[in-house]
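Okay, structure first, notes after.
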Amino acid sequence: MKFRHFAAVALAAHFLAGPASAQNQYDLSGLEPGQLLLNLSASEQISVAQDTLNATVEYSAQGRDKLALQNEVNTFIKKALDILDQSEEIEFSTQQYQVYIRPSDRPRELANPVWQAQQSLRLISTNSAGLLDAIARLQEAGLHVTSLYYTLSSEKYEETADSLMKAALEKLQARASEVATLLNKGSALLVEVTLDGGNQPFFGGRVDFAMRATAMDNETIETPSAVPGETQVSLNVSARALLSP
Numbered sequence: 023m024k025f026r027h028f029a030a031v032a033l034a035a036h037f038l039a040g041p042a043s044a045q046n047q048y049d050l051s052g053l054e055p056g057q058l059l060l061n062l063s064a065s066e067q068i069s070v071a072q073d074t075l076n077a078t079v080e081y082s083a084q085g086r087d088k089l090a091l092q093n094e095v096n097t098f099i100k101k102a103l104d105i106l107d108q109s110e111e112i113e114f115s116t117q118q119y120q121v122y123i124r125p126s127d128r129p130r131e132l133a134n135p136v137w138q139a140q141q142s143l144r145l146i147s148t149n150s151a152g153l154l155d156a157i158a159r160l161q162e163a164g165l166h167v168t169s170l171y172y173t174l175s176s177e178k179y180e181e182t183a184d185s186l187m188k189a190a191l192e193k194l195q196a197r198a199s200e201v202a203t204l205l206n207k208g209s210a211l212l213v214e215v216t217l218d219g220g221n222q223p224f225f226g227g228r229v230d231f232a233m234r235a236t237a238m239d240n241e242t243i244e245t246p247s248a249v250p251g252e253t254q255v256s257l258n259v260s261a262r263a264l265l266s267p
């Protein structure tokens, strides 16, 4: 049977978060003489180059004046947002804002504690060069990087999963047709198909953080380096094929 005939198949088109469910939907009492059900399974996987760079940058300050610290954080985060507003192809959002007393066992600091204030920004882009350049500007503005890693975009993941699904279904149909031929059956129709794509796996690429280079009268931040890794996309397919005379 050709792949284009699969439109007639009762196909579960959504990926399941867990293992494939048991195939027990087909009414066995409805089988006609000479018909039989064949259980099949296939797995496909491929490694795909990651295309999305993720980063978290933060500004933090500490001291005894809680209000002054918060004002300092607010000022630097506003400066960072202004820099990002001028950058293209970068998605960004503010993250957790924290103000807390730094732990200390010194009696003097219990009455006059040292406060810590901080806020972070999350950055995402498929334009790695642009994002790394923006990070360097943020570092020069006083923020520091707390994480920098690559992932596979949802769009690329879905595109790859769809390709694997097509390959797996074609493999299952070919197997069903082969078995039908061996058993002298006239047709093989997939009547139940379950797809298990799982959740998108994470595997970060290699990242080199920027080093601070100091000259006699100048201080600059070198642009960070980041090398993407690969994400393994896999798909498991189980099916029942109805073989008929």
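Under this note's numbering, think of the first position of the sequence shown as 23, with each following residue one higher.
Ideal Cβ positions, reconstructed from N, Cα and C, are used throughout, including at glycine.
Flag this pair as yes or no: are the beta carbons of Leu153 and Ala64 separated by less than 8 Å? As a working mapping, residue 153 is identified with position 131 in the sequence shown. As a working mapping, residue 64 is identified with position 42 in the sequence shown. Going by C-beta atoms, Leu153 is not nearer than 8 Å to Ala64.
Where do the ends of the beta strand (DSSP E) carrying Arg197 lie? Taking the sequence shown and counting its residues from 1, the one referred to as residue 197 is at position 175. Unbroken run through Arg197 is the alpha helix (DSSP H), Ser176 to Leu204; no beta strand (DSSP E).
In angstroms with no decimal places, state the Cα-to-Cα distance between Leu264 and Thr253. Within the sequence shown, the letter at position 242 stands for residue 264. Within the sequence shown, the letter at position 231 stands for residue 253. Taking the straight line from one Cα to the other gives about 36 Å.
Rounded to the nearest angstrom, what separates Thr296 and Ser142 at their Cα positions? Because residue 296 is not part of the residues shown, which for the chain are 23 to 267, the question remains open.
I'd like to confirm the pairing. Which residues does DSSP put opposite Arg262 in its beta bridges? Taking the first residue of the sequence shown as 1, we reach residue 262 at position 240. DSSP lists Asn61 and Glu214 as partners of Arg262.
Where Glu113 sits in the DSSP three-state scheme: Here residue 113 refers to the residue found at position 91 of the sequence shown. Looking at Glu113 - three-state DSSP - the assignment turns out to be strand.
Determine the closest residue to Val271 out of Lys100, Glu113, Leu91 and Leu132, with distance taken between C-alpha atoms. Outside the shown range of the chain (23 to 267) lies residue 271, about which nothing can therefore be said.
Segments of 3+ residues assigned as beta strand (DSSP E) that fall wholly inside the region 73-123: Runs of the beta strand (DSSP E) lying entirely within the region 73-123, each at least 3 residues long, are 74-85 and 113-123 in chain order.
Once DSSP output is grouped into helix, strand and coil, what is the label at Glu299? No information on residue 299 is available, as it lies outside the stretch 23 to 267 that the chain covers here.
Inspect the CB distances between the region 157-175 and the region 93-101 and report whether three or more fall short of 8 Å. Taking 8 Å as the limit for Cβ pairs, the verdict is that the region 93-101 does touch the region 157-175.
Can you give me the start and stop residues for the beta strand (DSSP E) that Leu53 sits inside? Here residue 53 refers to the residue found at position 31 of the sequence shown. For Leu53, there is no enclosing beta strand (DSSP E), as DSSP marks it with neither H nor E.
At the level of alpha carbons, what is the spacing between Trp137 and Ile123? Translated into positions along the sequence shown, residue 137 becomes position 115. Translated into positions along the sequence shown, residue 123 becomes position 101. Those two C-alpha atoms are separated by around 4 Å.
Beta carbon of Leu170, beta carbon of Pro250: below 8 Å? For the purposes of this step, residue 170 is taken as residue 148 along the sequence shown, with counting starting at 1. For the purposes of this step, residue 250 is taken as residue 228 along the sequence shown, with counting starting at 1. Between Leu170 and Pro250, the gap from beta carbon to beta carbon reaches 8 Å or more.
Could you give the first and the last residue of the continuous beta strand (DSSP E) run that contains Val249? Position 227 of the sequence shown, counted from the start, is the residue given in the question as residue 249. Counted as a single uninterrupted DSSP element, the beta strand (DSSP E) harbouring Val249 occupies residues Ser247 to Val249.
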